[in-house]
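Numbering (our numbering), first residue to last: 52 to 292. Yeah, the Cβ is synthetic: ideal placement off N, Cα and C, and Gly gets one too. These numbers come from a predicted model, not from an experiment. Data block below; observations after.
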Amino acid sequence: GVAMVNELAAPVDRPISFRITSASVMNSFYIPALAGQIYAMPGMETRLHAVINKSGDYEGFSANYSGAGFSGMRFAFHGLDDAGFQAWIAKAKDGGGKLDRNGYQELEQPSENQPVLHYAAVDADLYKAILNMCVEPGKMCMSEMSQIDAKGGLGMAGIRNTLPLLYDKFARRGTIFGPAPSYVASICTTEEALAASKADQSVTPMTSTPIVGAGLQRPLPLSIRLPSPSATGTLRSPFNS
Numbered sequence: 052g053v054a055m056v057n058e059l060a061a062p063v064d065r066p067i068s069f070r071i072t073s074a075s076v077m078n079s080f081y082i083p084a085l086a087g088q089i090y091a092m093p094g095m096e097t098r099l100h101a102v103i104n105k106s107g108d109y110e111g112f113s114a115n116y117s118g119a120g121f122s123g124m125r126f127a128f129h130g131l132d133d134a135g136f137q138a139w140i141a142k143a144k145d146g147g148g149k150l151d152r153n154g155y156q157e158l159e160q161p162s163e164n165q166p167v168l169h170y171a172a173v174d175a176d177l178y179k180a181i182l183n184m185c186v187e188p189g190k191m192c193m194s195e196m197s198q199i200d201a202k203g204g205l206g207m208a209g210i211r212n213t214l215p216l217l218y219d220k221f222a223r224r225g226t227i228f229g230p231a232p233s234y235v236a237s238i239c240t241t242e243e244a245l246a247a248s249k250a251d252q253s254v255t256p257m258t259s260t261p262i263v264g265a266g267l268q269r270p271l272p273l274s275i276r277l278p279s280p281s282a283t284g285t286l287r288s289p290f291n292s
């Protein structure tokens, strides 16, 4: 596949399936000629299914204010016939270059009025890493963290499982109080973490009993024994004569 920055094209009358996420703040993806707006949120994926029914050049933009440079967050959307779309793909491939983790980390640095960029290839696991917020090497993926939590967590071993934060969108730049910024380190290699996240594994709990505090016994099952009808007689409704 190819990757684009601030430009998008699609063949006319062909269904498109978008998988949308965000690297930092909540935003909104909107191409009025194509479909209604849909939110993009970090650590989550939203999906949009749409079709462009008429050839032409349209505009897409961010419909949710997200800071400096917001007014420049616009991009071109082209509705093309099959031949035009194939020519557009060929143009992208002629641009050369591959969008990988290192390239993405440079691309996500704060900027304004970013020009159109074309990449002839894209790392197959890059989107999964963006969605799980673990593009940076050594950072624990959200999917990895969720699976650990589902099995009871790391306990005391996880308290010091952090690394210094060198650059991140969520860093409190300029603050002087509080602990030094850090992030949770992965206990798997990047390949292992991504491989684990590809399979939607259902985790069956060992017991449905609620967790209790340290040193407390688990509550016993609640059982209620009702008296037999012979002991109480026939039950009558107070509204019946």
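Query raised in the report: Apart from the five residues just before and just after residue 29, which ones in its own chain have a Cβ nearer than 7 Å to its Cβ?
Result: What the structure shows of the chain is the stretch from 52 to 292, and residue 29 is not part of that stretch, so it cannot be assessed.
Query raised in the report: Between residue 198 and residue 145, what straight-line distance do the alpha-carbon atoms span, to the nearest angstrom?
Result: 41 Å
Query raised in the report: Just checking, does the segment 116–123 make contact with the segment 133–141 on the three C-beta pairs under 8 Å criterion?
Result: no
Query raised in the report: If residue 236 sits next to residue 214, beta carbons under 8 Å apart, how far is it from one beta carbon to the other, in whole angstroms?
Result: 5 Å
Query raised in the report: What does residue 131 pair with, by DSSP beta-bridge criteria?
Result: 62
Query raised in the report: Considering only residues of the segment 97–164, which uninterrupted beta strand (DSSP E) runs meet the minimum length of 3 residues and lie entirely inside it, listed in chain order?
Result: 97–101, 107–113 and 125–131
Requested in this report: May I ask you to verify whether the segment 125–136 touches the segment 98–110, counting CB pairs closer than 8 Å and requiring at least 3?
Outcome: yes
Query raised in the report: Beta-carbon of residue 150 versus every beta-carbon of chain D: anything under 9 Å?
Result: The structure shown contains no chain D; it holds only a single protein chain.
Requested in this report: Please work out which residues of its chain come closer than 6 Å, Cβ to Cβ, to residue 59, disregarding the five sequence neighbours upstream and downstream, and give them in chain order.
Outcome: 128
Requested in this report: State yes or no: is the C-beta of residue 169 within less than 9 Å of the C-beta of residue 63?
Outcome: no
Requested in this report: Decide if residue 202 is buried, meaning its Cβ has at least 16 other Cβ atoms within 10 Å, or exposed.
Outcome: exposed
Query raised in the report: In chain order, what residues of the same chain have a beta carbon less than 7 Å from the beta carbon of residue 167, not counting five sequence neighbours either side?
Result: 56, 57 and 58
Report task. To the nearest angstrom, report how far apart residue 84 and residue 124 are at their CA atoms. Result -> 17 Å
**Report entry** Rounded distance between the beta-carbons of residue 91 and residue 101, thought under 8 Å
**Finding:** About 15 Å separates the two Cβ atoms, so there is no contact after all.
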